[in-house]
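Enquirer: According to my numbering, the sequence shown is numbered sequentially starting from 854.
Quick reminder that beta carbons are idealized off the backbone N, C-alpha and C, glycines included.
This structure is a prediction, so every number in the text was calculated from the model and none was measured.
Before we start, here is the structure in question, set down as structure tokens.
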Amino acid sequence: MAVPGAFRGGPRTGFTLIEMIVVIVVLGLAMTIVLGHGRQYSPRLSLSAARTEVIGALRAARGAAIGQDRTVEMRLSAEGRLSGNGPPVTLGDSVPVGCDERGVAPRMLSVAFLADGSARIDGAARDGEICLGASGLRTRIAIDWFTGRVHAT
């Protein structure tokens, strides 16, 4: 006669409680090591993202000037703020503006896109250049005054 709950012969299946606890502890340690390093910061990626934002905002301002048949002005401050009557953009604190071959020379840069698509840099009909720098890295954005074309150099 069989007793309910009694052990039946044959191989056991599944995991023991000890095995499950060991696996959970090992996974916890692995997660602690992986997540313990925190968020990785890349100056190159930060600079690339800032360049992309500035180029996009300047191109949008040029498009608005042509599409709305009016002058759109954008000002880029040394602190990394892009303002004016075009789309607003704020760069990260680690991206100073206006660097040159000698280092960083912060100043305000003004770009006005006219209805015909041309650009005026600091009020003059000349080609312009914006330099962004972070952690010893630099990237330049060129603006052609005649066509208003904005591109990375």
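(1) Which residues in the same chain as L990 place their Cβ atom closer than 7 Å to its Cβ, once the five residues preceding and following it in sequence are excluded?
(2) What three-state label does DSSP hand G956 in the structure shown?
(3) With 16 other CB atoms within 10 Å as the buried threshold, where does L967 fall?
(4) Could you check what DSSP says for R928 in three-state terms: helix, strand or coil?
(5) Which same chain residues, not among the five before or five after S947, have their C-beta less than 8 Å away from its C-beta?
(6) So the beta strand (DSSP E) A965 belongs to, where does it begin and stop?
(7) From this set, N938, V879, A977, I871, which residue's C-alpha is nearest A914's C-alpha?
Expert: Put simply:
(1) P896, R897, L900
(2) Reliability of the predicted coordinates at G956 is poor, the pLDDT of 47 falling under 50, and the value obtained from them is presented with this limitation in mind. Strand.
(3) With a threshold of 16 other beta carbon atoms within 10 Å, L967 meets it and is buried.
(4) Reduced to three states, the DSSP call for R928 is strand.
(5) Caution applies to S947, whose pLDDT of 47 falls short of 50 and renders its modelled position unreliable; the value that the coordinates give is listed next. So the qualifying residues of the chain are P896, S899, A987, S988.
(6) 962-966
(7) N938
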